[in-house]
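Chains as they are written, first to last, in this note's numbering: chain A, 3 to 161; chain B, 3 to 161; chain C, 3 to 161; chain D, 3 to 161; chain E, 3 to 161; chain F, 3 to 161.
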């Protein structure tokens with residue numbers, strides 16, 4: 003029996019919070035897909051290809067993950083790659099309510115896929131890609147929020 | 003003594019969640035106005051007239067309701083139609099906080115109008131018009147979220 | 003068509019918060035039953051009879067209310083007095099979640115009875131019978147939290 | 003690589019909510035331990051042995067589960083049975099905050115064990131063992147909240 | 003030892019809620035800076051200079067405050083004016099979660115600056131600049147939400 | 003102008019969470035009173051005198067604090083020691099709501115005393131005296147949750 007999970011997100015860029023979820027959930031499954039959302043509505047800082055490259059660099063030491071991109075419904079890509087589990091990180095209550103509703107909707111759309119939630123490490127509890135970008139844009143130090151390689155890429159983009 | 007209530011919303015389009023609130027609150031009052039908000043800021047999927055028509059079709063069997071549109075302050079339209087009660091559905095805590103603040107503000111603007119909250123049926127607890135549209139846009143099945151007639155109208159709009 | 007509501011609680015003793023809900027909901031219904039819970043588990047400060055008497059004094063000017071006591075399931079007493087509506091006051095989010103669950107459970111037990119929620123007046127948003135008693139026990143002034151008559155009765159009980 | 007999870011609780015008695023979590027999480031793991039807490043503080047309705055028997059009857063058709071009892075720290079029993087995952091069901095936000103804190107504490111006590119959260123089915127979102135017992139004690143119908151076999155056992159205990 | 007605090011915000015325009023926080027926190031510090039955020043993204047109703055002027059008029063009777071504007075990171079302006087304390091008002095839980103995350107992020111960026119939270123007066127618990135502007139735009143009365151001088155300025159802007 | 007604050011609690015025993023709040027708030031005031039609640043209702047693990055001694059040992063290096071005990075209303079002891087500020091730590095949303103209500107009640111009882119809230123350090127966000135005692139009682143390691151001296155005292159009490 004194969005045991006596959008998918009961890010979806012925008013990852014624009016990935017933060018230490020995302021990387022903590024990846025590092026902790028990968029050992030629980032045979033394979034973990036990290037799925038980068040192609041969201042045509044928003045203006046991202048990094049292109050989908052760049053985001054995949056950054057994730058690849060930052061997770062190079064984890065064997066059983068594969069980084070992919072997806073559009074459309076999450077339950078469809080989950081089914082396509084054979085994932086029975088969607089992994090989501092919860093930082094706080096406001097996350098929870100939205101994610102709870104999405105989990106119920108996804109369950110309605112495809113009862114074969116379960117969403118499992120994981121708490122973020124407390125050190126990352128306030129971290130988000132948006133916050134990191136906002137701090138960087140205002141000249142703040144982000145070395146404690148993202149890996150060094152990503153810090154440099156953000157600097158290149160912004161200055 | 004006349005006992006009139008008003009149930010406001012964008013209804014773009016109405017979902018099973020809205021229809022559940024309407025079906026359960028109509029019997030509690032002599033008359034229930036379902037009031038469609040004319041919101042010039044957002045780009046709706048359906049025009050106000052179309053939304054009124056869809057609501058009309060979906061609530062055809064309820065005698066004591068009237069579907070109207072409104073702009074401006076909710077307490078003004080409430081007073082105009084003689085409603086002493088504003089009905090709002092609560093799905094979850096995030097709804098609650100916003101609605102709580104609006105209820106207090108409306109009470110401040112017109113102390114004669116009370117807001118009464120109703121819990122949504124659990125099956126609809128994650129439903130919103132936006133979610134339905136997002137699922138439909140991505141080719142997901144929405145037959146469990148909206149009446150059949152509305153499902154067809156959404157399909158016509160999107161494809 | 004008769005339009006009856008029931009407002010249940012422990013009322014040990016009633017506070018300005020309870021009285022605000024009673025004063026605002028009574029005009030919305032033909033009749034409002036204020037139902038005092040006989041809770042054998044807790045040690046109340048006032049007996050059920052005393053609580054009914056205090057409520058009676060404090061609501062003497064409202065015509066269409068009747069104060070009763072009840073044990074057992076709320077939906078049963080609601081049905082017995084012909085109430086289609088249960089009124090509950092919400093002070094804050096923590097209230098909301100518990101009350102939401104009770105409303106769903108009551109709906110499951112008797113689909114003919116609806117729970118409607120009302121926000122408390124902001125001045126009473128932190129008020130509870132327990133808090134009032136705790137303040138009184140510690141010699142604090144409670145005149146802004148309960149009617150004068152009740153303040154005196156609490157003093158008699160505690161000193 | 004063995005993939006074992008543990009689902010802890012009081013289960014006094016198990017409800018449809020618990021059984022839904024068990025049925026949905028068992029297929030995601032090679033083995034699921036359902037662990038009944040021996041809580042000496044509270045006065046349970048059912049003894050630990052009775053609770054295990056009820057769970058056994060209600061989950062008879064699921065092959066890969068084993069029902070055990072435990073005292074002391076959850077992370078210790080998890081380690082003892084070789085579970086890398088603790089499964090918890092979340093009904094609502096108030097659950098979430100407590101469970102979040104426990105997950106962080108457990109992570110602090112044993113970093114090798116992850117807590118994964120699962121949303122309850124919406125139909126069970128207001129269900130708890132306490133509520134079921136309270137309704138039963140007051141003569142309410144609980145057939146929609148627990149399996150038939152458990153309904154009968156509760157009746158035997160209470161009458 | 004000098005004891006300086008900073009109270010940041012958009013103040014577009016300041017409401018009775020903001021003024022309540024200013025009036026209550028100013029006496030607790032030797033000096034309170036009220037810092038108006040220059041936010042180039044949003045289209046404000048009042049320019050930064052106008053917002054400073056309105057705040058100045060509304061706080062004329064408080065001696066130990068100085069109204070300034072700032073861009074960039076809040077912790078930088080705090081350090082620049084020698085403030086060890088950031089003051090934030092909390093109206094409700096949704097405020098809390100966002101502010102909590104910002105406080106943790108700011109603590110990460112500059113551990114020498116503490117964020118202290120103050121509850122809003124209950125009468126202002128639902129007040130926000132956006133709500134005031136929305137009500138005013140729809141012809142509602144805002145005299146209970148802002149000082150008279152600001153009410154007039156809003157009227158001038160909108161009509 | 004004297005600038006005095008009071009930080010109340012049960013401190014049975016004090017945890018790293020309490021000590022973090024003390025260490026961060028003491029520098030913001032001329033004097034900080036740490037006030038141990040004499041709560042006759044609960045059965046504490048440590049007596050009030052023991053709790054004061056433990057706090058004394060753990061805060062020996064902070065000059066401007068004084069550890070006292072109190073019964074009755076917090077606002078009374080605050081006034082007695084000349085404190086204009088009550089300091090409270092917030093770990094999570096559930097804390098917030100209760101503390102918010104207490105802050106409003108205290109403001110009602112004595113408008114001259116302000117409650118200021120401080121976020122806990124993320125590492126301590128799940129910590130409580132009860133949790134520490136529960137873990138210790140079950141033989142878990144608590145060295146990361148309390149100072150070494152307190153760990154030993156808890157061990158003496160429990161074994």
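Ideal Cβ positions, reconstructed from N, Cα and C, are used throughout, including at glycine.
Cross-chain neighbours of residue 98 (chain B) in chain A, by beta carbon under 9 Å: Those do not exist, as residue 98 (chain B) stays about 10 Å from chain A at its closest Cβ, beyond 9 Å.
Three-state class that DSSP yields for residue 37 (chain C) in the structure shown: Here residue 37 (chain C) sits in strand by DSSP.
For residue 46 (chain F), three-class secondary structure by DSSP: coil
Status (buried if at least 16 other CB within 10 Å, exposed otherwise) for residue 126 (chain C): buried
Residue(s) in a DSSP beta bridge with residue 72 (chain E): Residue 72 (chain E) is bridged to E:39.
Proximity winner among A:53, A:75, A:67, A:89, relative to residue 30 (chain D) (alpha-carbon distances): A:89
Nearest-angstrom beta carbon gap, residue 19 (chain A) and residue 74 (chain E) [assumed within contact, 8 Å]: At roughly 24 Å, the Cβ-Cβ gap does not stay under 8 Å, so residue 74 (chain E) and residue 19 (chain A) are not in contact.
Validate contact between the region 142-161 of chain D and the region 43-53 of chain D using beta carbons, cut 8 Å, 3 pairs: yes
Three-state class that DSSP yields for residue 7 (chain D) in the structure shown: strand
Integer Cβ distance of residue 8 (chain D) from residue 37 (chain D), believed to fall under 8 Å: 5 Å
Identified DSSP bridge partners for residue 179 (chain D): Because chain D is modelled from 3 through 161, residue 179 (chain D) falls outside the range shown and cannot be assessed.
Interface flag, residue 21 (chain C) vs chain F, CB-CB below 8 Å: no
Residues bridged to residue 67 (chain C) (per DSSP): C:34
Ordered list of beta strand (DSSP E) runs contained in the region 96-154 of chain B, each at least 3 residues: 116-121
Chain D within 8 Å of residue 106 (chain C), Cβ atoms only: yes
Residue interval of the alpha helix (DSSP H) (run including residue 27 (chain C)): 18-27
Contact set between residue 127 (chain B) and chain A, taken where Cβ atoms lie within less than 8 Å: 103, 106
Of the listed residues F:102, F:98, F:16, nearest to residue 56 (chain F) (C-alpha basis): Among F:102, F:98, F:16, the Cα nearest to that of residue 56 (chain F) is on F:16.
Between the CA atoms of residue 10 (chain D) and residue 97 (chain F) - distance to the nearest angstrom: 25 Å
Counted within 10 angstroms of its Cβ, other Cβ atoms place residue 123 (chain E) as buried (16 or more) or exposed: buried
Between the CA atoms of residue 54 (chain F) and residue 33 (chain F) - distance to the nearest angstrom: 17 Å
Same chain, Cβ closer than 7 Å to residue 14 (chain E), five either side skipped, listed in chain order: 46, 47, 48, 53, 131
Residues from the region 117-147 of chain C in contact with chain B, defined by Cβ distance under 9 Å: Within the region 117-147 of chain C, the qualifying residues are 117, 118, 119, 120, 121, 123, 124.
Spatially closest choice to residue 86 (chain A) from A:99, A:118, A:67, A:93, by CA coordinates: It is A:118.
Cut-off 8 Å between Cβ atoms - residues of its own chain near residue 144 (chain E), not counting five sequence neighbours on either side: Hits under 8 Å: 134, 137, 138, 153, 156.
Reduced DSSP secondary structure (H/G/I, E/B, other) of residue 53 (chain B): helix
Cβ-Cβ distance between residue 120 (chain D) and residue 24 (chain D) below 8 Å: no
Minimum C-alpha distance to residue 146 (chain E) - residue among B:116, B:129, B:110: B:110
Cβ shell of residue 82 (chain D) (< 8 Å), same chain only, five flanking positions each side left out: none
Residue 110 (chain C): contacting residues in chain D (beta-carbon distance under 7 Å): 146
Where residue 83 (chain F) falls: helix, strand or coil (DSSP): coil
Beta-carbon proximity list for residue 69 (chain B), same chain, < 6 Å, skipping 5 on both sides: 36, 54, 57, 58
Residue 150 (chain B) burial status per 10 Å Cβ neighbour count (16 or more: buried): exposed
Per-residue burial, residue 84 (chain F) [other beta carbons within 10 Å of its own, 16 or more giving buried]: exposed
Burial state of residue 1 (chain C), where buried means 16 or more other Cβ atoms lie within 10 Å: Since the first residue shown for chain C is 3 and the last is 161, residue 1 (chain C) is missing from the structure and cannot be characterised.
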